[in-house]
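Trainee: Numbered by my numbering, the letters in the sequence shown go through residues 18 to 223 in order. Attaching a single structure in structure tokens format; questions to follow.
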Amino acid sequence: MLILIVAATAFEVEPLANSFGKRLDILITGAGMVPTAFAMGRQFNLHKYDLVINLGIAGSFDREITPGYVVEITEDTFAETGAEDDQDFIPITTLGFGENTFKPTTTLEQVCNSLYLAKANAITVNTVHGNEESIKKVQRRLNPQIETMEGAAFFYACRQFNIACLQIRAVSNYVEKRNRDNWDIQLAIKNLNNFAIELVNRIIDN
């Protein structure tokens, strides 16, 4: 099975890369939706993959999904795609210009039924939330659990090429007024990579 790992930055998947070396294709896209979609489209025109996995750290709106927790994303929404109508937000779906929510084309159980992660929904944003009022607004509108800057774009690109895909995220911080003292990036990266190494090993062994 030919597997591609997609990550925004190299440091998020460094332990995984060190474990497998050239035996595993890893695509570092850069942070954000546009770099992710562009890099994946270019890569998919060069190689055909059996499975693509998006790995990265993320923020959590859900206080029960604590820093260090690793989750499988079951759907991801472009939170900012639409129009403002004074204090209201009109999503692109209501405007009639397209979709804003995308899902994986496979599941962890289908890929490796001996491993399990808790499921969570996510939003993808250009500007990560750090203002109490904007956090409340997006929670009322979309009720997200996880926030990323790439996830929905990742799902979108995989769907366009009809490629099996998963998104796995480890929480590094709560979505709240910006407070780096509450972040635990090292724990998130450690737990993310421990899981990813185990997952890839089991896929390869099968």
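From the three backbone atoms N, C-alpha and C, an ideal C-beta is built for every residue, glycine too. Keep in mind the model is a prediction, meaning the values are calculated, not measured.
In three-state terms, what does DSSP make of Asp198?
Mentor: Note: Asp198 maps to helix in three-state DSSP.
Trainee: First and last residue of the alpha helix (DSSP H) that includes Gln156?
Mentor: Glu149 to Leu159 is the extent of the alpha helix (DSSP H) around Gln156.
Trainee: Spatial neighbours of Ala135 within its chain, please: C-beta separation below 6 Å, excluding the five flanking residues on both sides.
Mentor: Hits under 6 Å: Val88.
Trainee: What did DSSP end up calling Glu126 once you bin it into helix, strand or coil?
Mentor: Looking at Glu126 - three-state DSSP - the assignment turns out to be helix.
Trainee: Is it right to say Arg157 is buried, meaning 16 or more other beta carbons lie within 10 angstroms of its own, or is it exposed?
Mentor: The residue is exposed, with fewer than 16 neighbouring Cβ atoms inside 10 Å.
Trainee: Is the stretch 147-156 touching the stretch 168-188 in the sense that three or more CB pairs, one from each, lie closer than 8 Å?
Mentor: The stretch 168-188 is not in contact with the stretch 147-156.
Trainee: Here's a check: name, in chain order, each residue in its chain whose Cβ is nearer than 8 Å to the Cβ of Leu33, leaving out the five neighbours to either side.
Mentor: Counting only Cβ-Cβ distances below 8 Å, and skipping sequence neighbours, we find Ile22, Leu41, Ile43, Leu72, Asn210, Ala213, Ile214 and Val217.
Trainee: If you draw a straight line from the alpha carbon of Ser36 to that of Asn208, how long is it in whole angstroms?
Mentor: Rounded to the nearest angstrom, the two C-alpha atoms are 14 Å apart.
Trainee: Give the straight-line distance between the Cα atoms of Phe119 and Ala169, rounded to the nearest whole angstrom.
Mentor: Using only the alpha carbons, I get a separation of about 6 Å.
Trainee: What do you get for Val51, buried or exposed, if any count of 16 or more other CB atoms within 10 angstroms of its CB means buried?
Mentor: The residue in question, Val51, is exposed, as its Cβ has fewer than 16 Cβ neighbours within 10 Å.
Trainee: Taking C-alpha atoms, which residue in Asn223, Ile221, Arg219 and Leu204 lies nearest to Glu29?
Mentor: Per the Cα distances, Leu204.
Trainee: Between the stretch 115-130 and the stretch 88-107, do three or more beta carbon pairs fall short of 8 Å?
Mentor: The stretch 115-130 vs the stretch 88-107: in contact.
Trainee: Which residue or residues does DSSP assign as beta-bridge partners of Gly73?
Mentor: Partner(s): Arg186.
Trainee: Using the beta-carbon count (16 or more within 10 Å), is Asn190 buried or exposed?
Mentor: Answer is buried; the Cβ neighbour count reaches 16.
Trainee: Comparing C-alpha positions only, which one of Asp198, Leu159 and Asn148 sits nearest to Ala139?
Mentor: Checking every option, the nearest Cα to that of Ala139 belongs to Leu159.
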